[in-house]
Amino acid sequence: MTIHVAGTGRQVLKDDGGWQAAAGSPAPRAWPAPSGFLLDLTTDTDSDAGSLRRLAEAAAVALTDFVGVQVDCATVLTPAQRAPIRAANNGRAAGLGYLEQELDGGPLTHAVASDGPIVVEAAGGASRWEAYRKRFLDAGYSEVLAVPLRLDPATTAAVAFFAPPGVRFGPEAVGHAAWFAGVASQSLKLALEVRSVRSAGDNLKSLLESRTSIDVACGVLMGRNRCSYADAFSLLANASSHRNKQVREVAEGLLKNLPSGAPGTRFDI
Numbered sequence: 180m181t182i183h184v185a186g187t188g189r190q191v192l193k194d195d196g197g198w199q200a201a202a203g204s205p206a207p208r209a210w211p212a213p214s215g216f217l218l219d220l221t222t223d224t225d226s227d228a229g230s231l232r233r234l235a236e237a238a239a240v241a242l243t244d245f246v247g248v249q250v251d252c253a254t255v256l257t258p259a260q261r262a263p264i265r266a267a268n269n270g271r272a273a274g275l276g277y278l279e280q281e282l283d284g285g286p287l288t289h290a291v292a293s294d295g296p297i298v299v300e301a302a303g304g305a306s307r308w309e310a311y312r313k314r315f316l317d318a319g320y321s322e323v324l325a326v327p328l329r330l331d332p333a334t335t336a337a338v339a340f341f342a343p344p345g346v347r348f349g350p351e352a353v354g355h356a357a358w359f360a361g362v363a364s365q366s367l368k369l370a371l372e373v374r375s376v377r378s379a380g381d382n383l384k385s386l387l388e389s390r391t392s393i394d395v396a397c398g399v400l401m402g403r404n405r406c407s408y409a410d411a412f413s414l415l416a417n418a419s420s421h422r423n424k425q426v427r428e429v430a431e432g433l434l435k436n437l438p439s440g441a442p443g444t445r446f447d448i
């Protein structure tokens, strides 16, 4: 597949061997399949934004080590039916990440749309990048490379690398960035799945705790009033309506007034 990079005379080729190169250049080395590598994007992070920020930091380090000079990075994650989440390894790169929202598009957006790498050079004639080019040059960068991450059909993500003055992203750098994107895709997908499972578990625990409080409170009312469970729950529901509180809050208030205090919630497996 050949991707014509807007704003430059360059074509970026993608083949199944795991490498990418500029048209007409010698074939660079093939990178190992990314399936054996994972980034830790979950430890000590409590949100998708935290995982994305860690990914941006790892991406900056990965290309900095490869190129030999400081390369900055910005990332964007767009979950299904949610606003985009953005992160970067520093403030300068973060500003260019948010610039895409202001300009209604940029390299990150186009990398996702084309499903391939996008390179925006310091010099180019395409009007599409004119405003963006001015801003990244003003920020002290000479070239931008964006690569998409492959997650699931409803969730998109991309990583943008920013080169310092005098540095260009050659075929080998593009190849390494594409290889890193494969690692990042698997790592971010796993982090999102882990957080989704944790969230589901927390929601279930909250639901069970709520149900337990209500059931115990109903038992107390059944003993006091010698009534059925349905009648006891109706008493809680009426109190909830009159006090403008949730049924769980009314139940917990009742249990706290017991001589022994509210019983703890316990789950046995």
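Counting in the working numbering, the sequence shown runs from 180 upward without gaps. Every residue, glycine too, gets a C-beta built ideally from N, C-alpha and C.
Check: Classification of leucine 324 by the beta-carbon crowding that lies within 10 angstroms, buried from 16 upward; Outcome: buried
Check: Inter-stretch contact (C-beta, 8 Å, three-pair minimum) for the region 363 to 374 and the region 220 to 231; Outcome: yes
Check: Supposed close pair threonine 254, alanine 241 - CB separation, criterion 8 Å; Outcome: The pair is not a contact, with the Cβ atoms about 13 Å apart (cut-off 8 Å).
Check: Selected residue, minimal CA-CA separation from glutamate 431, among Asp410, Ala360, Tyr408 and Gly398; Outcome: Gly398
Check: Span of the beta strand (DSSP E) around valine 331; Outcome: Looking at the sequence provided, one finds aspartate at residue 331 rather than valine. Per DSSP, aspartate 331 belongs to the beta strand (DSSP E) from 322 to 331.
Check: Sequence ranges, alpha helix (DSSP H) only - wholly within the region 333 to 418, length at least 4; Outcome: 350 to 404
Check: Alpha-carbon to alpha-carbon, leucine 217 and valine 362; Outcome: 6 Å
Check: From Asn268, Ala273, Arg403 and Asp331, residue whose alpha carbon lies closest to that of leucine 437; Outcome: Arg403
Check: Beta-bridge pairing of glutamate 300 - partner residues as DSSP gives them; Outcome: Glu322
Check: Residues of its chain near glutamine 425, where Cβ-Cβ distance is below 7 Å and the 5 sequence neighbours each way are ignored; Outcome: Ser419
Check: Option nearest aspartate 331 by Cα separation, candidates Ala259, Gly303 and Lys435; Outcome: Ala259
Check: Top-ranked residue by Cα proximity to threonine 334, from His355, Ile264 and Tyr311; Outcome: Ile264
Check: Given glutamine 160 as reference, the closest of Gly354, Phe340 and Ala360 once Cα atoms are compared; Outcome: Since the displayed the chain opens at 180 and closes at 448, residue 160 lies outside it and no answer follows.
Check: Leucine 256 - DSSP class collapsed to helix/strand/coil; Outcome: strand
Check: Buried or exposed (CB count within 10 angstroms, at least 16 for buried), tyrosine 408; Outcome: exposed
Check: 8 Å Cβ cutoff met for arginine 312 and glycine 303; Outcome: yes
Check: Per-residue burial, alanine 262 [other beta carbons within 10 Å of its own, 16 or more giving buried]; Outcome: exposed
Check: Sub-8 Å separation of glutamate 300 and glutamate 322 beta-carbons; Outcome: yes
Check: Minimum C-alpha distance to isoleucine 393 - residue among Leu287, Val429 and Val338; Outcome: Val429
Check: Whole-angstrom distance between valine 395 and leucine 434, CA atom to CA atom; Outcome: 8 Å
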